[in-house]
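K.L.:
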Amino acid sequence: MPEHVNTMVIEPIPNLPDEVNEIRRKAAEIVTELVIPNEEALGGPASAERDALEDEISSVVRERGLYAPHLPKEYGGMGIGFLAHAYMNEVLAWSFYSNRLFGVKAPTSGNQKVLVKYGTPEQKKKFLEPTIYEGQTACYSMTEPDNAGSDPRSIQTSAVLDGDEWVINGRKWYTSNSKHASWALVMCRTEEEGEDGVVNDKMTQIIVPTDTPGFKIERAVPVFGSEAQAHGEITYTNVRVPRENQLGERGQGHEAAQERLGAGRVYHCMNCVGQMWRAFDLMVKRASERKVHGGLLSEKQFTQGAIADSYIDIQAARLMTLRCAEVIESGADPRTQISAIKVFVPQAMHRVIDRAIQVHGALGVSGDTPLWRYYQKARTMRIEDGPDEVHKILVAKNIQKSYAAGHGWDFGTL
Ligand SMILES: Cc1cc2nc3c(=O)[nH]c(=O)nc-3n(C[C@H](O)[C@H](O)[C@H](O)COP(=O)(O)OP(=O)(O)OC[C@H]3O[C@@H](n4cnc5c(N)ncnc54)[C@H](O)[C@@H]3O)c2cc1C
Numbered sequence: 002m003p004e005h006v007n008t009m010v011i012e013p014i015p016n017l018p019d020e021v022n023e024i025r026r027k028a029a030e031i032v033t034e035l036v037i038p039n040e041e042a043l044g045g046p047a048s049a050e051r052d053a054l055e056d057e058i059s060s061v062v063r064e065r066g067l068y069a070p071h072l073p074k075e076y077g078g079m080g081i082g083f084l085a086h087a088y089m090n091e092v093l094a095w096s097f098y099s100n101r102l103f104g105v106k107a108p109t110s111g112n113q114k115v116l117v118k119y120g121t122p123e124q125k126k127k128f129l130e131p132t133i134y135e136g137q138t139a140c141y142s143m144t145e146p147d148n149a150g151s152d153p154r155s156i157q158t159s160a161v162l163d164g165d166e167w168v169i170n171g172r173k174w175y176t177s178n179s180k181h182a183s184w185a186l187v188m189c190r191t192e193e194e195g196e197d198g199v200v201n202d203k204m205t206q207i208i209v210p211t212d213t214p215g216f217k218i219e220r221a222v223p224v225f226g227s228e229a230q231a232h233g234e235i236t237y238t239n240v241r242v243p244r245e246n247q248l249g250e251r252g253q254g255h256e257a258a259q260e261r262l263g264a265g266r267v268y269h270c271m272n273c274v275g276q277m278w279r280a281f282d283l284m285v286k287r288a289s290e291r292k293v294h295g296g297l298l299s300e301k302q303f304t305q306g307a308i309a310d311s312y313i314d315i316q317a318a319r320l321m322t323l324r325c326a327e328v329i330e331s332g333a334d335p336r337t338q339i340s341a342i343k344v345f346v347p348q349a350m351h352r353v354i355d356r357a358i359q360v361h362g363a364l365g366v367s368g369d370t371p372l373w374r375y376y377q378k379a380r381t382m383r384i385e386d387g388p389d390e391v392h393k394i395l396v397a398k399n400i401q402k403s404y405a406a407g408h409g410w411d412f413g414t415l
């Protein structure tokens, strides 16, 4: 790989607090000096050498106070706010491997946040703390092969109380990381008719240790031909767990899930921004070195178009995502902004990576740059965490509701 891929220009952002600029600078230093130069080894097959390398980089991350930006200090995290984490994420995302080296291992990190907020003291001790201090990981089991994931009310996996135990039956798929996980957070239908004839609320999240009898991974669903991410298809057959494994209130599963997924979407979008930024950097530098038809690629107007369009896509995606993070931090209802970025940012990423690949020619689809990986990520991002269409519907409904109530839409505040 050419030398220039290791450089990353991160200057202080005016109007940001000094500590956030300092976090970005220090994160960029580690990503540039330790993560990017080791990408080949970090992306290679599991081995004792790879584990040792990961431990070594993670210990530098810890020493410099940058570990687990998503967790509060009492759980060994950085205890920084949502916006600061968003600003840090665009830097981390320059490398596909940074997040896990910085202690943010999706989907475990999402589960950790939910447990910090909704877990009982016992659940925190039994399930959350081992993921922080003992290297355990977890998975999130919501989507089902036989029902539309874009309509979460269609979930059929059932949990029924039998004395002091929940008994779970159903089939899930795309439960990422299931092969390595110690426990799964499972979305279950717990709808039941009470003695008074009233049907109670519908969905509840339940923690299931993956060694519970009846929990069976049938296969890893390959994505673009690879099983590396261990997206498990899982059957739950009379899986029994204690009633106290229920997370939060019975019937409130969707609310907690939306909160988790909402925050996750902002992190995902900032990851997309960082990945686009790296692809842009590779594209501009490649164009300035590669000679075609008697001149540099960078002198050709097609290439200039690719660079300009990509700048526009990245800047628009970045500002929209930061605006969304600001709305979340302010405590206002962020649902419209979250859905809007979930549609726009992965599509923008798709366009930017596509252009970067084209400018690189065959090198762009080879394994010698990270572009192939980003391209796949951009495509799956348009489906995971809700496909484009459902988010567009939500944006339109919220706007129409505001108009129906006589408020119009104020782009200055919304
Ligand atoms: C890489 C990856 C990782 C994932 N990880 C996890 C995980 O860890 N845990 C988990 O539980 N799930 C996970 N998922 C599942 C993901 O959240 C679902 O795939 C997603 O919610 C869409 O559900 P579905 O695949 O069932 O699509 P469907 O609901 O079957 O929708 C199919 C298509 O229909 C269209 N569509 C849907 N609704 C409408 C509408 N109202 N109008 C018009 N068109 C519409 C959309 O184009 C959509 O893509 C993952 C998925 C991927 C790809």
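With the sequence shown counted from 1, adding 1 to any position gets you the working numbering. Note that the Cβ used here is the ideal one computed from N, Cα and C, for glycine as well. Only a predicted model underlies this, so the values are computations on that prediction, with no experimental measurement involved.
(1) Under a three-way DSSP split, which group does Q259 fall into?
(2) Identify the residues that DSSP records as bridge partners of N170: which are they?
(3) So what's N239 in DSSP terms, helix, strand or just coil?
(4) Express the C-alpha separation of K114 and A397 in angstroms, rounding to a whole number.
(5) What are the start and end residues of each continuous alpha helix (DSSP H) run of 4 or more residues lying completely inside the segment 309 to 372, in chain order?
(6) Measuring only the C-alpha atoms, how far is Q247 from E234?
(7) Less than 8 Å separating the beta-carbons of V360 and R319?
(8) Please find out if some non-hydrogen atom of ligand 1 comes closer than 7 Å to the beta-carbon of E385.
(9) DSSP three-state call for R291: helix, strand or coil?
(10) Tell me which residue opens and which closes the alpha helix (DSSP H) that V391 is part of.
(11) Whole angstroms are fine: how far does the CA of N272 sit from the CA of M382?
(12) Rounded to a whole number of angstroms, what is the C-alpha to C-alpha distance between Y268 and I58?
(13) Can you give me the Cβ contacts of W184 inside the same chain, cut-off strictly under 7 Å, excluding the 5 residues immediately before and after it?
(14) At a cut-off of 7 Å, would you count H181 as near ligand 1, judging by its Cβ distance to the nearest heavy atom?
(15) Suppose the cutoff is 7 Å on Cβ atoms and the five residues either side in sequence are ignored; what does the same chain contact list for I11 look like?
(16) Do the segment 147 to 159 and the segment 383 to 403 make contact, defined as three or more Cβ pairs closer than 8 Å?
(17) What residue from Q206, Y76, T236 has the CA that sits closest to G252's CA?
(18) Which residues share a DSSP beta bridge with F216?
(19) Closer than 7 Å by C-beta to T236: which residues in its own chain qualify, once you throw out the five before and the five after it? Chain order, please.
(20) From the DSSP output, in three-state form, read off I384 for me.
(21) Examine ligand 1 and report whether any of its heavy atoms sits within less than 7 Å of the Cβ of C270.
(22) Could you check what DSSP says for M271 in three-state terms: helix, strand or coil?
(23) I'd like to confirm something about C140: is its beta-carbon nearer than 7 Å to some heavy atom of ligand 1, or not?
(24) Would the beta-carbon of R188 fall within 8 Å of that of A258?
(25) By DSSP's criteria, T190 is part of a beta bridge. Which residues make up the other side?
(26) On a Cα-Cα basis, can you pick out the residue from L84, K118, F103 that is closest to R261?
(27) What is the DSSP secondary structure of Q253, counted as helix, strand or coil?
(28) Would you call L186 buried or exposed, if buried means 16 or more other Cβ atoms sit within 10 Å of its Cβ?
(29) Going by other Cβ atoms of all chains shown within 10 Å of its Cβ, with 16 needed for buried, is T414 buried or exposed?
(30) Name, in chain order, the residues that DSSP records as bridge partners for L297.
(31) Measuring only the C-alpha atoms, how far is G164 from G120?
P.N.:
Reading from the atomic positions:
(1) Q259 sits in a helix when the DSSP states are folded into three classes.
(2) DSSP, once it has assigned bridges, lists S159 as partnering N170.
(3) Three-state DSSP puts N239 in a strand.
(4) Approximately 29 Å, taken between the alpha carbons.
(5) Counting whole runs of 4 or more residues, the segment 309 to 372 contains the alpha helix (DSSP H) stretches 336 to 361, 363 to 366.
(6) Cα-Cα distance, rounded: 22 Å.
(7) R319 sits away from V360, with the two beta carbons spaced by 8 Å or more.
(8) Yes, the Cβ of E385 comes within 7 Å of a heavy atom of ligand 1.
(9) Look at R291 here: in three-state DSSP terms it is coil, with no helix or strand label.
(10) Where V391 is concerned, the enclosing alpha helix (DSSP H) stretches over 389 to 405.
(11) Cα-Cα distance, rounded: 11 Å.
(12) Here the C-alpha atom of Y268 lies approximately 22 Å from the C-alpha atom of I58.
(13) Taken in chain order, the residues that qualify are F128, A139, I208, V209, P210, T211.
(14) H181 Cβ: outside cutoff for every heavy atom of ligand 1.
(15) A distance below 7 Å between beta-carbons, with the five flanking residues on each side excluded, links I11 to the following residues of its chain, in chain order: R25, R26, A29, V92.
(16) Contact between the segment 147 to 159 and the segment 383 to 403 is present, because at least three Cβ pairs lie under 8 Å.
(17) Ranked by Cα distance from G252, the first of Q206, Y76, T236 is Q206.
(18) Listed as beta-bridge partners of F216 by DSSP are Y237.
(19) Hits under 7 Å: R172, K217, E219.
(20) If DSSP states are grouped into helix, strand and coil, I384 belongs with coil.
(21) No; taking the cut-off as 7 Å, the Cβ of C270 has no heavy atom of ligand 1 nearer than that.
(22) Three-state DSSP puts M271 in a helix.
(23) For ligand 1, at least one heavy atom lies less than 7 Å from the Cβ of C140.
(24) Strictly speaking, residue 188 in this sequence is Met, with Arg absent from that position. Contact: yes.
(25) Correcting the residue type first, residue 190 is Arg in the shown sequence and not Thr. S159, M204.
(26) For the residues L84, K118, F103, the minimum Cα distance to R261 belongs to K118.
(27) Looking at Q253 - three-state DSSP - the assignment turns out to be strand.
(28) So L186 counts as buried.
(29) By the neighbour-count rule (16 or more Cβ atoms within 10 Å), T414 is not buried but exposed.
(30) Per DSSP, K292.
(31) If I take the Cα positions, the gap works out to 22 Å.
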